Amino acid sequence: MMMKAICFAAFLAVLSTTTTNAFVANNRLSTAATKAATRSSLSSLHMSAALIVQNKGGGHGELGFQLAKNLSNNPKITSITILQDDACDDTKEPFKSYASDIPNVLVIKANLSDESMTAESLNSLLGSSFEYVWDNASKKPEGSGKAICDAAKSYWNTKVFTYVSSAGMYQPTADTTFPMAETTPIKETAGQALFDKYAVDIGLPLVSFRPQYIYGPKANKYDYIDWYFDRIVRDLPLLIPGDGSQKVSLTNSEDVASILASVLNNEEAAIEQRYFNCGTDDLVGYDEVGLLCADAAGVDRSKVKFEHIDADAYGKGKFPFRPSDFYVAPDMVKEKLGWVGSVHKLKDDLSSYYDGYKARGGLDRKVDVMKDYEIVVASKL
């Protein structure tokens, strides 16, 4: 097994005559020393190390970065380590911003696709214990996923083990009311569900969050919102299944990070409840997303062409969302963990998103709309 550890820096902050020690990985001494001293004075002679396990990218690719930023301002946490999948592209966001934006965080890289990884080898690599773990990488209780669970149980004496799961495993029935509650039936054979089960079975203090669609300033997946801009800026119709009133939870990654960090507000309640939906309280409809994107692109709303179609006609993988209602709300995390609600609103974020869309070459790239064309033509026959 090949694993390599890379740390941006590490040093020991100087403390007063108390016996409190605070370790912070940092290559910018003055800034980190101040943060470490502040944290150590608030930690009441107690270290609270946090581990964030981060995948190589995709829909959850920005969460580790944003969570580390959030935890850096939480006095309960005295050190932060990111266990980063070494398959990430260091030239892309958010990974290229680790050194500049979160310099106080220790980053250790490992091959998280290595099926032979064990708790022992992982513990040896990390060389530390972690009272708080956030796993934003594992998809099943095998390989590195199992090793992380086993290490938390056998080596680290973890107080709260937070798992970033997915609301995609919900299987609503005809009787399901929306937004979907945490009691909505799930696909029991889904990898995330099996991970939850394994963690519970071995006695981990599991808290599992179920996010939906995520966007953010340092995201590396743009499919959902790009679908709208790709068509609006080219004066093409938006083929939306149903009547377009279906709601969607599009959540800024900073809000997702604040939800994940909210376990620290009430650890006992978090563990007792165990499962939480994770999403914005600023729900929008499918058609509304199109109108908001038009506003951001400077296109008059009257120019937006909506084509409402039979959901079965479009085919899986074309429209970015489910053809029918499929959304969650953060009611439980507000009630149990005191989450204050979303700081971001989609309508306020789309202007900067559109700037990023243009910077990524969105205006000039080739967009495959052949399926759109076939459906529109067929509907006119």
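Using mature numbering (1 follows the signal peptide of the UniProt record, and there is no 0), the letters of the sequence shown map in sequence onto residues -22 to -1, 1 to 359.
Here a beta-carbon is modelled for each residue, glycine too, at the ideal position from N, C-alpha and C.
All figures in this text were calculated on a predicted structure; none of them were measured in a lab.
Please state whether DSSP places methionine 147 in a helix, a strand or coil.
-> helix
Contact check, leucine 315 vs asparagine 198, beta carbons under 7 angstroms = no
From the DSSP output, read off the bridge partner residues of alanine 27.
-> Ser57
Leaving out five residues before and five after leucine 182 in sequence, what residues of the same chain have Cβ atoms less than 8 angstroms from its Cβ?
-> Cys127, Ala130, Lys131, Thr136 and Phe139
Cβ-Cβ distance between valine 282 and glycine 293 below 7 angstroms = no
Status (buried if at least 16 other CB within 10 Å, exposed otherwise) for arginine 343 = exposed
Helix, strand or coil: which one does DSSP assign to leucine 228?
-> strand
Under a three-way DSSP split, which group does alanine 289 fall into?
-> helix
Whose C-beta lies closer than 6 angstroms to the C-beta of proline 301 among residues of the same chain, with five residues either side of it excluded?
-> Pro219 and Ala289
Given a threshold of 16 other Cβ atoms within 10 Å of its Cβ, counted over all protein chains shown, does proline 72 qualify as buried or as exposed?
-> buried
At least three beta-carbon pairs within less than 8 angstroms, the region 221 to 236 to the region 255 to 263 | yes
Option nearest tyrosine 141 by Cα separation, candidates Asp309, Ile80, Val31 and Gly39 | Val31
To the nearest angstrom, how far is it from the Cα of tyrosine 331 to the Cα of valine 211?
-> 14 angstroms
Could you tell me which residues DSSP puts in a beta bridge with cysteine 256?
-> Pro189
Given aspartate 213 as reference, the closest of Glu266, Val277 and Gln251 once Cα atoms are compared = Val277
Near lysine 165, what residues of its chain come up, given a Cβ to Cβ distance below 7 angstroms and the 5 sequence neighbours on each side ignored?
-> Met147, Gln149 and Ala171
Grab me the residues of alanine 239's own chain with a C-beta within less than 8 angstroms of its C-beta, minus the 5 sequence neighbours each way, in chain order.
-> Leu45, Asn48, Leu49 and Asn52
Hey, leucine 41 and asparagine 114: beta-carbon distance below 7 angstroms or not?
-> yes
Can you tell me which of the three DSSP states leucine 269 falls into?
-> helix
Beta-carbon proximity list for serine 8, same chain, < 6 angstroms, skipping 5 on both sides | Bear in mind that a pLDDT of 40 at serine 8, under 50, signals an unreliable position, so the number given afterwards is only what the model happens to contain. Within the same chain, serine 8 has no close Cβ partners at all.
From tyrosine 200 to glycine 194, what does the alpha carbon distance come to, in whole angstroms?
-> 9 angstroms
Anyone know if the C-beta pair for serine 186 and serine 223 falls short of 7 angstroms?
-> no
In chain order, what residues of the same chain have a beta carbon less than 8 angstroms from the beta carbon of aspartate 68, not counting five sequence neighbours either side?
-> Lys74
Could you tell me whether the Cβ atoms of leucine 328 and alanine 272 are closer together than 7 angstroms?
-> no
Whole-angstrom distance between valine 321 and methionine 158, CA atom to CA atom = 22 angstroms
Contacts around tyrosine 76, its chain only, beta-carbon distance under 6 angstroms, and the 5 residues preceding and following it disregarded | Val85
Alanine 307: which of Ala88, Lys175, Lys296 and Gly319 sits nearest, CA to CA?
-> Gly319
Can you tell me which of Tyr110, Asn89 and Trp317 puts its alpha carbon nearest to the alpha carbon of leucine 100?
-> Asn89
May I ask you to report which of helix, strand or coil DSSP gives asparagine 243?
-> coil
Can you tell me the Cα-Cα spacing of histidine 38 and isoleucine 192, whole angstroms?
-> 7 angstroms
For the candidate residues Arg279, Gln62, Thr162 and Phe299, whose alpha-carbon lies nearest to that of tryptophan 205?
-> Phe299
Tell whether a beta-carbon distance below 7 angstroms holds between residue 364 and isoleucine 55.
-> Only positions -22 to 359 of the chain appear in this structure, which leaves residue 364 out of reach.
Buried versus exposed call for glycine 123 [16 or more other C-beta atoms within 10 Å across all chains shown] | buried
Give the DSSP-derived three-state secondary structure of lysine 13 in the structure shown.
-> Only weak support is given to the placement of lysine 13: the predicted model assigns it a pLDDT of 44, under 50, and the question is left unresolved by the model.
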